[in-house]
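Oh and the sequence shown: position 151 is 349 in our numbering, straight run, nothing missing.
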Amino acid sequence: MRAHRIRWWVYLLAAALGVGGGAATAALEERYHVSLLGLPWFVSAMLVVFGGGVLVAAWQVRRYTTTEPRKRVQLRTVTPERAVDTLIMSKALALAGAVLLGWYAGELLMLVGHLQAPYYRQIAIECVVACAASLIDMVCGIIAESSCQLPPSEGPEHPKVEERKRMRGERRDRGVAWKGDDNDGEAAVPGR
């Protein structure tokens, strides 16, 4: 199984869905006078702290995967499960940050006409702070996702290995006889 990076357009789609949700919430608040807008300061601060935690975990995975195997013993071991969990958290953080960025931006767009009222001005400030926290989370998630990517292994198809073979003069089809390699012009079948 291979993990794929999240495409850029998925973030745009998530933010667009968030804008729709935030605008709908603001419209409901305006129509029915229920308090659904804004985000407490504490929650915005916790979003940033969570983003930093995921970034630190991804940095530890990156440091472990890029260290030489002999020196990994000195580092705190990172299990494959922990590395996968960090990758999942980073993807979830990036997508949640995109949706929340769109959500609070949608609320903010709906509040622009009401900024003269102190209540809506306070909510607009909360939405700006929430947008900044969501943007930080989205960026932390994208960086963490890229940090969890394994470096390429030097298997038989790796460019460095191919270059070494070419320098030594080795052929890729070594051990297989091809037409024209023997005297009678027929391809030799291995094992006969």
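Backbone N, C-alpha and C define an ideal beta-carbon position, used for all residues, glycine too.
Every value quoted in this text rests on a predicted model; they were computed, and no experiment measured them.
- Per DSSP, the unbroken alpha helix (DSSP H) holding K289 starts and ends at 278-309.
- Setting aside the 5 residues that flank it on each side, L333 is surrounded in the same chain by G295, L299, each with a C-beta closer than 8 Å to its C-beta; the list follows chain order.
- Pairing R274 with C338, the inter-Cα distance amounts to about 23 Å.
- Beyond the five residues adjoining it in sequence on each side, L291 comes within less than 8 Å, by CB distance, of F248, G249, V252, D335, M336, C338, G339, A342 in the same chain, given in chain order.
- When secondary structure is reduced to three states using DSSP, L210 falls in the helix class.
- Only residues of its own chain outside the window of five on either side were considered, and among them none has a CB closer than 6 Å to the CB of V326.
- Contact check for G220 against E305 passes: the beta carbons are separated by less than 7 Å.
- The same chain holds no residue with a CB closer than 6 Å to that of S233 once the five nearest residues on each side in sequence are set aside.
- By the beta-carbon neighbour count (other beta carbons within 10 angstroms, threshold 16), G218 is exposed.
- Burial check for L313: the Cβ neighbour count within 10 Å stays below 16, so the residue is exposed.
- Residue burial annotation: K269 is exposed, with fewer than 16 other C-beta atoms found within 10 angstroms of its C-beta.
- Between A315 and S242, the CB-CB gap reaches or exceeds 7 Å.
- Within the model, the alpha-carbon separation for R260 versus S344 is close to 9 Å.
- Secondary structure of P238 (DSSP, three-state): coil.
- Sixteen is the threshold: when 16 or more other Cβ atoms of the shown chains lie within 10 Å of the Cβ of V297, as they do, the residue is buried.
- Between the alpha carbons of A224 and M308 lies a distance of about 6 Å.
- Under the three-state reduction of DSSP, I204 is assigned to coil, being neither helix nor strand.
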